[in-house]
Each structure stands twice: as C-alpha cells, then as structure tokens.
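> In terms of UniProt numbering, the sequence shown is residues 1 to 511.
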Amino acid sequence: MSEYLLEMRNIGKEFNGVKALDGIYLKVRAGECVGLCGENGAGKYTLMKVLSGVYPHGTWTGEIFWEGKELKASGIRDTEAAGIVIIHQELMMVPHLSVAENIFLGCEPTTGGFIDYDQMNARAAELLARLKINDINVALPVYHYSGGKQQLIEIAKAINKNAKLLILDEPTSALTASETRVLIDLIKDFKKQGMACVYISHKLDEVAEISDTVTVIRDGAHIATRPMSELTTPDIITMMVGREMKNLFPREPHDIGEVMFEARNISCWDVTNPGRKVVDDVSFALRRGEILGIAGLVGAGRTELVSSLFGVWPGACQGQVFLEGKEIKIRTPRDAVRQGICMVPEDRKRDGILPIMPVGHNMTISVLDRFSLRGLIDKDAELVAIQREILRLKVKTADPMLAIASLSGGNQQKAVLSKMMLPDPKVLILDEPTRGVDVGAKYEIYKLIFALARQGVSILMVSSEMPEVLGISDRVLVIGEGKLRGDFPNENLTQEKVLAAAIGKPATNAA
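#1: How many angstroms separate the CA atom of residue 460 from the CA atom of residue 313?
#2: Is residue 89 helix, strand or coil by DSSP?
#3: Is it the case that the Cβ atoms of residue 167 and residue 291 are separated by a distance below 7 Å?
#4: Return yes when the Cβ of residue 38 is within less than 7 Å of the Cβ of residue 217, no when it is not.
#5: Three or more C-beta pairs closer than 8 Å, one from the region 138 to 145 and one from the region 116 to 129: is that the case here?
#6: Are there 16 or more other CB atoms within 10 angstroms of the CB of residue 356, so buried, or fewer, so exposed?
#7: Please classify residue 33 as buried or exposed, where buried requires at least 16 other C-beta atoms within 10 Å of its C-beta.
#8: Residue 199 bridges to which residues according to DSSP?
#9: Would you call the CB atoms of residue 377 and residue 360 closer than 7 Å?
#10: Please work out which residues of its chain come closer than 8 Å, Cβ to Cβ, to residue 498, disregarding the five sequence neighbours upstream and downstream, and give them in chain order.
#11: For residue 457, count the other beta carbons within 10 Å of its own beta carbon; 16 or more makes it buried, fewer makes it exposed. Which is it?
#12: Would you mind reading off the limits of the alpha helix (DSSP H) that contains residue 119?
#13: I'd like to know if the region 48 to 62 and the region 203 to 222 are in contact, where contact means that at least 3 CB-CB pairs between them fall below 8 Å.
#14: In three-state DSSP terms, what is residue 502?
#15: Taking the C-alpha atoms as reference points, what is the distance between residue 381 and residue 227?
#16: May I ask you to report which of helix, strand or coil DSSP gives residue 439?
#17: Starting from residue 191, trace the beta strand (DSSP E) both ways and give me its first and last residue.
#18: Looking only at DSSP bridge pairs, what is residue 227 linked to?
#19: In the DSSP assignment, find the unbroken beta strand (DSSP E) run with residue 63 in it and report its ends.
#20: Could you check the C-alpha separation between residue 108 and residue 364 for me, to the nearest Å?
#21: Residue range of the alpha helix (DSSP H) that residue 285 falls in?
#22: Leaving aside the five residues before and after residue 44 along the sequence, list all residues of the same chain whose C-beta is less than 7 Å from its C-beta, in chain order.
#23: Is the beta carbon of residue 321 less than 7 Å from the beta carbon of residue 403?
#24: Could you compute how far the alpha carbon of residue 493 sits from the alpha carbon of residue 472?
#25: What three-state label does DSSP hand residue 395 in the structure shown?
#26: Name the two residues that bound the continuous alpha helix (DSSP H) containing residue 490.
#27: By DSSP, does residue 267 sit in helix, in strand, or in coil?
#28: Figure out for me which residue from 339, 148 and 272 has the closest Cα to the Cα of residue 133.
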C-alpha cells in the first residue's frame, strides 16, 4: 500500500487554450498537513477544484491516487464520499437555517419520511462537543454567529461527512486572533487523530506553524516540495514570487502638504441597537499626500468610521466633514465620489465587485460618463482605458471580458483599486486593502499606495495587520470601543504602544 493518502501526479488544466496548471504534483500522508503556497493566480484554487471534483475527471490531465487507487471523480459527491472535503474561503452557510440544519444539509436524519429535528440537534451538539466547541446553540440560525464560529461549524459539517482529508482555503482571512488560535489548535488535534490537511493561506506564519511539508506553485507550475523544518518564511516568499524580497514595505519619500480632509465629531449608531454608539465623537485631520493608518482591535469601530465618511454606513450618523477647508455633505457614495473621495471596501466580494460582469467593466463602471456620448458608450475608448489599467496594476487575466469572479482574490482586489483610482480622487479610503492577497500582490499594492501619495492623494487606510500599518503609514490613529484612543506620528512607533492605546491605556500623543 502507498505511504501516501493522496497523490496528484502531473496535473494539467487549460481554460480557452491558456494553461492554468502545468505538471503539478502534490502528495499528502495521513496525519500530515501540507501547506500549499503561491501568489494569487498561481493555480492553488484551480488545483483544489480538480482534487475536490468541482472539475470532474476528463476535464483535466494527469492522475489522482487516493488510498493507493486511482480516483476518477465525476463531481463533489464522489470526492466527499471518499473522504475529501473542501472548506472554501467564502463559507457555504445558509444564514437563516439553524446550525444543525447547516451541518446536516443534504443528509438530514429522518424518521417515518420526516426530518427528525431532535435527533439532528442532538447529533450536531455531539459533533461540536467532539470539537471542544461548547458555546454554540445548534438550534439558532447560523447568522447569529461570527465568521470564526461559522468556520468551526463548517469543520463540524466536514467531520459529519467522515473527512479523511480536509482542504482549508484561506480559513483565517476574516477571523480574529483568538478565533485563529482555536482553529489552528483544532487542526493540530486532527493531525494527531490521523486526519490529513491541505492548508492554503497567505499568512505564512500560520503555514510555518501548522505545516509538516510545503508545496509551492508559481504561474501554474510546481516549484518545490520541501519539509517545513528545512524552510524559513523568506525561503517560501522567494519561491512564491521568483525573487528575493528583502523589504516588504517599499517606503518611498513623498511630500506631505496642507490639511486636505477633516472629520469633526463623527458619531455613528448601531443598526440593530440604535441606542449604542459604534463610533463616538471621533475627530481627525488628513494632509495632502499623507498616508494615515487606522489601527485597533476587531470591533473597535474602524470600518464603521470610514463607511460613514463614504456615505455607506446604514445606521444613523452625525458630525462634519471638510474637504480643502469647505464643509461637504456626504449621504451616498455618489456624493463622495463627486466630491473627490473614493473607497475600497473591506469585503470586495460583497461590496467591491459585480461578480458576473467582466473584469474591465468592473474597473470602468465608476467613470462610464468619460466614454459615453449621447447615451452610447464608446467601447473602443473604454477598452483602451481597461488595457492601460490592467498593465498599470499588473492584473492577471486572460481576457478583460472574462467575468471578474473567475479571477483570484488578489487580482479582483487590483480591479477594485482601479475602479476607485480612475475617478482621480483627492482622498482614497482603503479598508483592509490587502486582505486575502499574497505577498507579491501586497508589495505591488504598497508601491501603488506610495505612488499615489507622491501624486498628492491623501490616503486613509484601515488594516488589522499591525506590521502593515506601521510599515507604510506616516501617522497612525488608534480606535478603541468607537473612540479615538491615540494619534501617533510613525517615528519609532511600536506595536506595543499601539496595542496599549487600543485596549484603553492612556497613551495618546497628538500629532
């Protein structure tokens, strides 16, 4: 019998004549975690679609061996029956169904031809208890729970399918630090029990902690498979991008001018609990060409603050906003863009892209008036602009008219950035601009941010990654429980000082 639970040999996959995968090898032993690393668009997700049966046998080349026998899956049902279960980055939950109903969706226990809810709830609770999860009510709708809890529910769903190999695609991209810790500890327990795991993440510290072996692919080709014990994080980065990256944050000199934007006494109220403030009397100024980072713990009110400034916060808001010394009123995103304020949202899937529309149209939708004459769009002029943007932002797409949903997360993010840069904003708000983006694409986005600052664009950036905030910001605001807890020049600023301010210690130093 083979020493490997899974062997993928010489896997190839083409789309319209373009090779997405070219000779990929992947091997996984029982009880082993393999970290699958590569830039956005490298082919990781395509490879996992081949493995999980999304792309059935015959639509790709090569061989897959499972428990020593060739696997020719015609769909996901076949791979799940074999014990291969994938948990996607975008969780496959039905929000208004209960936790138990989600866990047993498609395989509900029945008695006399009817769903046996008592049995289903009892078995769901038993599954969660096995995972040491005791704070979830299986009868409540899933939407009651955070992304981290929903991730654990997805894992319970996989265990219910008798998973032998768990494929985790960016499992912690939207989790808090404590939720991430719970998930990683859980996977370590699974390994001890003999379950195998393929772990896909751009968070290389997690890959290093949890993986026994690392496989790197680049541009659809297999680059290396090595024991994690022989690698460092910089080694993985070098293999991913094909070059050494000594400095992830390419700080470039840029002039900071007069005050461009000012927010005074901004307050926002919770949509579901209108008596609770989520932003409480926050004031700050942003200068021309300045990169102003906003740090804080999850739930601190950072996204609520910037959403209110762009006119998208759905709850009540109050306060004043000034642009170049004049008070402006922003009630909708259209108002904001017309005034010269643009925003890249935190959740690109939900708020940033139109998934079934082409890549190019997602870029130009913010400036269609530039290409229209008497109600008709000049397609040739629009295409020239699209191709220019694709080159400028290095968007990887075989065709600008492909649906944007077919692109990797990093390339989708570049398209959203393009959409918000085309109106030539005076102020650009970036909410988690590199979430779910690989290290190479991050570097390109950072260079773009510095280039915009050199051109005099004022940047307001929210990020949950402290090294990112400290790596590129000129100044850092710290938000905690909806209040401004700190305003620090980024000179010898430490993560410890920012965290102290975020949790409420008196550490404010006005810039």
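All C-beta atoms in this analysis are idealised placements derived from N, C-alpha and C, irrespective of residue type, glycine included. Remember, predicted model here, so these are calculated numbers, not experimental data.
Checking against the coordinates, here is how it stands:
#1: Cα to Cα, the separation comes out at about 17 Å.
#2: Coil, per DSSP.
#3: In this structure, residue 167 lies away from residue 291, with their beta-carbon atoms at least 7 Å apart.
#4: In contact: residue 217 and residue 38 (Cβ atoms closer than 7 Å).
#5: Verdict: yes, contact present.
#6: Per the 10 Å Cβ criterion, exposed.
#7: Result: buried.
#8: According to DSSP, which records beta bridges pairwise, residue 199 is partnered with 35 and 168.
#9: Contact flag unset, no.
#10: Closer than 8 Å at Cβ, skipping near neighbours: 295, 466, 469, 470, 476, 478, 486 and 488.
#11: Buried, since its Cβ has 16 or more Cβ neighbours within 10 Å.
#12: Run containing residue 119: 117 to 130, per the alpha helix (DSSP H) assignment.
#13: In short, these stretches do not touch, since the Cβ pair count stays below three.
#14: In the structure shown, residue 502 adopts helical secondary structure according to DSSP, grouped into three states.
#15: Our two residues, residue 381 and residue 227, have alpha carbons roughly 51 Å apart in a direct line.
#16: Of the three classes helix, strand and coil, the one that applies to residue 439 here is helix, per DSSP.
#17: First-last for residue 191: 177 to 192, but that is the alpha helix (DSSP H), not the beta strand (DSSP E).
#18: 213, per the DSSP bridge assignment.
#19: If you look at residue 63, you'll find it in the beta strand (DSSP E) that goes 61 to 66.
#20: When rounded, the separation of the alpha-carbon atoms in residue 108 and residue 364 is 46 Å.
#21: First-last for residue 285: 277 to 287, but that is the beta strand (DSSP E), not the alpha helix (DSSP H).
#22: Only 36, 38, 200 and 217 meet the Cβ criterion.
#23: Cβ atoms of residue 321 and residue 403: not closer than 7 Å.
#24: Going from the Cα of residue 493 to the Cα of residue 472 covers about 12 Å.
#25: Here residue 395 sits in coil by DSSP.
#26: Element bounds for residue 490: n/a, residue is neither H nor E.
#27: Reduced to three states, the DSSP call for residue 267 is strand.
#28: Among 339, 148 and 272, the Cα nearest to that of residue 133 belongs to 148.
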